[in-house]
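Participant:
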Amino acid sequence: MAQILDSTKLRRELHPLAEIGMDVKNTSAYVIRRLKEIGIDAHRVGETYGVTGYIDSGAPGPVIALRADMDALPFEQNGKTVAIHACGHDGHMAMLLEAASRLVGKIRRGKVKLIFQPAEEPITGAQALIKEGILDDVDIIIGAHVRPVQDLKPGTLCPSVCHTSSGHVHVTIHGKSSHAARPHLGVNAIYVATAIVNAVAQIHMNPENVWSVKPTQLRADDGAFNVVPATATLCFDFRGQTNELVKSLTEQMNRIFKNTAEAYGATVDVKYDVICPAANLDPDITEELAQCIRDTAGADRLAPGCGGGGEDFHFYKLAKPSIKNGYFGVGTGVTPGLHKINMTMDDTLLPMGSAVFVKFVLNHLG
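FYI, full-length UniProt numbering numbers position 199 of the sequence shown as 199, with every residue one higher than the one before it.
(1) With 16 as the cutoff for other CB atoms within 10 Å, does G310 come out buried or exposed?
(2) Using 10 angstroms around the beta-carbon of Q117, count the other beta-carbons present and answer buried if the total reaches 16, otherwise exposed.
(3) Using 10 angstroms around the beta-carbon of G125, count the other beta-carbons present and answer buried if the total reaches 16, otherwise exposed.
(4) How about E76 and D312: do their beta carbons lie closer than 9 Å?
(5) Return the first residue and the last residue of the alpha helix (DSSP H) that N325 is part of.
(6) Compare the Cα-Cα distances from I285 to each of D222, L129, F357 and report the closest residue.
(7) Closest to G53 by CA distance: which of K25, G39, G61, A59 is it?
(8) How about T296 and K359: do their beta carbons lie closer than 9 Å?
(9) Between K113 and D90, is the Cβ-Cβ spacing less than 9 Å?
(10) How should D221 be labelled, buried or exposed, when 16 other C-beta atoms within 10 angstroms of its C-beta is the threshold for buried?
(11) When the distance is taken between beta carbons, is S7 closer than 9 Å to G353?
(12) Measuring CA to CA, which of G331, V51, K247, A261 is closest to S165?
(13) Confirm, please, whether the CB-CB distance from L338 to P159 is below 9 Å.
(14) Look at the alpha carbon of G305 and the alpha carbon of H170, and state the distance between them as a whole number of angstroms.
(15) Rounded to the nearest angstrom, what separates L152 and R12 at their Cα positions?
(16) Would you identify the three-state DSSP class for L135, choosing helix, strand or coil?
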């Protein structure tokens with residue numbers, strides 16, 4: 001009889017293994033060991049610490065990929081950077097490992113492809129695996145995320161998590177230094193920065209859409225209190241419900257950065273971090289996931305879709321538009337919230353997520 005893994009126990013074993021970004025060596029080794037224990041030939045993805053493996057029926061059919069992220073978050077404690085699973089990725093790996101153990105021996109056609117992805121938090125892991133060809137044979141890909149109590153009541157699930165597109169832009173303003181007694185000889189970078197902030201605040205887009213842009217950092221210091229600063233750096237966080245909306249938003253911001261600086265006699269350097277794409281979930285897959293929730297947990301535990309944050313899972317659809325994709329939420333009572341250093345959850349509810357993975361796969365391949 002095949003060994004069935006317990007996602008609650010797995011999560012408690014994975015929690016102290018927390019590692020950051022692409023450097024998830026010990027986590028990767030744990031996942032590979034557990035997969036091999038249940039008879040799945042798992043291995044690293046190229047030169048990354050991502051992990052993949054197949055449950056292969058040996059018969060023709062589609063390839064359904066199930067994806068979990070692996071990395072934790074960095075926090076400062078006592079002057080040191082420590083890794084803590086404060087976003088639930090330990091729970092995601094645990095759900096997928098349990099689901100894999102329940103699918104072994106039950107696939108009648110096609111293949112299940114398991115994907116354990118590093119570096120979701122810095123938004124680089126999905127793209128790294130894509131470069132390694134992780135999507136080449138995939139027809140459908142499904143992901144999941146534990147949700148905070150603000151999104152889902154504990155013990156409920158939702159069939160879609162509609163992440164927004166999100167990113168950060170760093171604006172370096174180059175003015176001209178001068179003594180504060182002779183401000184007319186300089187170009188005060190702080191004045192330019194505040195003018196840019198005020199101009200960005202006046203951006204108007206269709207109010208029927210969901211979007212935001214806000215300044216999150218401002219630094220300017222030429223070393224003395226009586227010196228007009230020549231340089232200032234601004235950071236903006238921006239988000240939008242669609243990729244097209246964010247494209248329009250960044251175009252407007254770029255014009256503001258350039259034109260406002262020129263009006264003051266300054267120049268700007270603009271650098272964007274990686275922009276995380278918005279969810280582009282397939283409606284038929286979302287509806288199927290809703291039915292899987294009804295079938296496994298009961299209709300009374302099906303909640304409406306929710307939003308929140310960004311996720312690099314959506315690079316998969318962007319890289320291969322023909323792929324079908326879905327992403328569901330699992331109400332594990334995450335509190336006080338995701339990305340909080342004292343984040344906690346009821347990991348006895350993780351088997352609900354495993355059950356949805358299993359039901360979806362068996363609908364297609366069982």
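Glycine is no exception: its CB is placed at the ideal position from the N, C-alpha and C atoms.
Facilitator: On the basis of the data shown:
(1) It counts as buried.
(2) That one is buried.
(3) buried
(4) no
(5) Counting along the chain, N325 falls outside any alpha helix (DSSP H), though it belongs to the beta strand (DSSP E) covering 324-334.
(6) F357
(7) G39
(8) yes
(9) no
(10) exposed
(11) yes
(12) K247
(13) no
(14) 33 Å
(15) Distance from the CA of L152 to the CA of R12, rounded to the nearest whole angstrom, comes to 22 Å.
(16) coil
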